[in-house]
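Counting along the sequence shown from 1, when you hit position 96 you're at 126 in this note's numbering, and nothing is skipped either side.
In this text, a Cβ means the ideal position worked out from N, Cα and C, and glycines have one as well.
Small disclaimer: the values here were computed from a predicted structure and weren't measured.
Inspection log for the structure reproduced underneath, given as structure tokens.
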Amino acid sequence: MTKNKILIFSATYNEVGNIENFLKAIEELNLALDILLIDDNSPDKTWEKIQEYSKNKKNIHLIIRNKKEGLDTAHKIAYEYSIKNNYDLLITLDADMSHDPKIIPKFINESKTNAFTVGSRYMKGSKCELRGFRLFLSYFGNRFIKFIFGIDCTEFTTSYRGFNIKKLNNFTLKDVNAKGYSFFMETILQIHRKGIFINQIPIHFVDRKKGKSKIPKIEIFRTFYNILRLKFRSKL
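Structure follows, in structure tokens:
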């Protein structure tokens, strides 16, 4: 049986304290896969740490952009990169170690038979270490999105996802218009509207130990606006 060509992707910005551990954890899986990182010219020089680590490692690829251009555009570039380079599976996750790289094999296995898989912090068997107001916003925000869109999914906002590029031949991230963190929510909506099954697997979400969360407070209002915009405009 032909082996799947696999790409692991993460967007990085000021992750100099996490990126080496992140890359080591993926390498320790001992899997035949490639890694793509897109760094938005991190002021802490995350990109420099990646260059040092990946020297003589042909499976680690780095794209450095001139300025901070956002998660949505980085993920779109990664998706197009996976198509252009004929990858079968694309696994996306955060590089801050909040997403455990050890379960990448599970995402790979699930993605072989499912077009789209999302890692959920709020389904049976999962765990979320967020606390206080951040947990409140995340938990009830996801429940609200589920209620508004009527999609059988418990998680709309995490980036830990698996895409079977070959099975998603009628979908592309170019279809997603929302910016920032709302991009992740709309991705699931557009996949659902294409009639594609939303497969979920439980994840253990660990609050970052190094660095700071990059979610701006305005993102709360932007997400709420986008929920209403997507709900009440004409369906694609």
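Cα-Cα separation between H91 and I56, rounded to whole angstroms: Taking the sequence shown and counting its residues from 1, the one referred to as residue 91 is at position 61. Taking the sequence shown and counting its residues from 1, the one referred to as residue 56 is at position 26. If I take the Cα positions, the gap works out to 14 angstroms.
Segments of 3+ residues assigned as beta strand (DSSP E) that fall wholly inside the region 161-222: If we require 3 residues or more, the beta strand (DSSP E) runs fully inside the region 161-222 come out as 191-194.
Rounded distance between the beta-carbons of K209 and G100, thought under 8 angstroms: As a working mapping, residue 100 is identified with position 70 in the sequence shown. As a working mapping, residue 209 is identified with position 179 in the sequence shown. With a contact defined as Cβ atoms closer than 8 angstroms, G100 and K209 qualify at about 6 angstroms.
Residues bridged to I90 [DSSP beta-bridge criterion]: Against the sequence shown, residue 90 aligns to sequence position 60. For I90, which the question treats as bridged, DSSP gives the partners I65.
CA-to-CA distance, L219 to I181, given in whole angstroms: To locate residue 181, count along the sequence shown from 1; it is residue 151. To locate residue 219, count along the sequence shown from 1; it is residue 189. Cα to Cα, the separation comes out at about 8 angstroms.
For K265, the three-state DSSP class (helix, strand or coil): In the sequence shown, residue 265 corresponds to position 235, counting from 1. Note that K265 has pLDDT 47, beneath the 50 cutoff, so the model's placement of it is unreliable and no number is given.
Cα-Cα separation, K97 to Y111: Counting from 1 along the sequence shown, the entry for residue 97 is found at position 67. Counting from 1 along the sequence shown, the entry for residue 111 is found at position 81. Across the structure, K97 and Y111 are spaced so that their CA atoms are roughly 20 angstroms apart.
Inter-residue spacing [alpha-carbon to alpha-carbon] between T42 and N60: As a working note, residue 42 is residue 12 in the sequence shown. As a working note, residue 60 is residue 30 in the sequence shown. One C-alpha to the other measures close to 23 angstroms.
Local conformation of S84 per DSSP, three classes: Position 54 of the sequence shown holds residue 84. Correct three-state label for S84: helix.
Inter-residue Cα distance where the pair is D118 and I226: For the purposes of this step, residue 118 is taken as residue 88 along the sequence shown, with counting starting at 1. For the purposes of this step, residue 226 is taken as residue 196 along the sequence shown, with counting starting at 1. The straight-line gap from Cα to Cα measures roughly 17 angstroms.
Buried or exposed by the 16-neighbour rule on C-beta atoms within 10 Å, applied to A62: The residue labelled residue 62 in the question sits at position 32 within the sequence shown. Exposed: under 16 other Cβ atoms inside 10 Å.
Integer-rounded CB distance, given that L120 should sit under 8 angstroms from F213: As a working note, residue 213 is residue 183 in the sequence shown. As a working note, residue 120 is residue 90 in the sequence shown. About 15 angstroms separates the two Cβ atoms, so there is no contact after all.
D130 versus N51 - alpha carbon distance: Taking the first residue of the sequence shown as 1, we reach residue 130 at position 100. Taking the first residue of the sequence shown as 1, we reach residue 51 at position 21. Inter-residue distance for D130 and N51 is about 11 angstroms (C-alpha atoms, whole angstroms).
Unbroken alpha helix (DSSP H) run spanning N51, endpoints: Numbered from its first residue, the sequence shown carries residue 51 at position 21. According to the DSSP assignment, N51 belongs to the alpha helix (DSSP H) that extends over 49-57.
Segment contact, 8 angstroms Cβ cut-off, at least three pairs: the region 144-164 with the region 175-195: Output reads yes: the region 175-195 touches the region 144-164.
Heavy atom of the ligand SAM within 7 angstroms of W77 beta-carbon: Looking at this structure, you won't find the ligand SAM or any other ligand, since it has none at all.
Where the beta strand (DSSP E) through N229 begins and ends: Here residue 229 corresponds to residue number 199 of the sequence shown, with the count starting at 1. Looking at the DSSP string, the run of the beta strand (DSSP E) that includes N229 is 228-232.
Per-residue DSSP class, three states only, for L123: The count along the sequence shown starts at 1 and reaches residue 123 at position 93. Coil, per DSSP.
Per DSSP, the bridge partner or partners of V148: As a working note, residue 148 is residue 118 in the sequence shown. Bridge partners of V148: R191, Q230.
Residue burial classification, E216 (beta-carbon count within 10 angstroms, cutoff 16): The sequence position of residue 216 within the sequence shown is 186, counting from 1. Buried, since its Cβ has 16 or more Cβ neighbours within 10 Å.
K176 vs N200 beta-carbon contact at 8 angstroms: Here residue 176 corresponds to residue number 146 of the sequence shown, with the count starting at 1. Here residue 200 corresponds to residue number 170 of the sequence shown, with the count starting at 1. Not in contact: K176 and N200 (Cβ atoms no closer than 8 angstroms).
Sub-8 angstroms separation of S150 and Q230 beta-carbons: As a first step, residue 150 is located in the sequence shown; it is residue number 120 there, counting from the start. As a first step, residue 230 is located in the sequence shown; it is residue number 200 there, counting from the start. Yes, Cβ-Cβ distance for S150 and Q230 is below 8 angstroms.
Residue nearest to K204 in terms of C-alpha spacing, selected from K87, L37, Q81, T103: Within the sequence shown, residue 204 is the residue found at index 174, counting from 1. It is T103.
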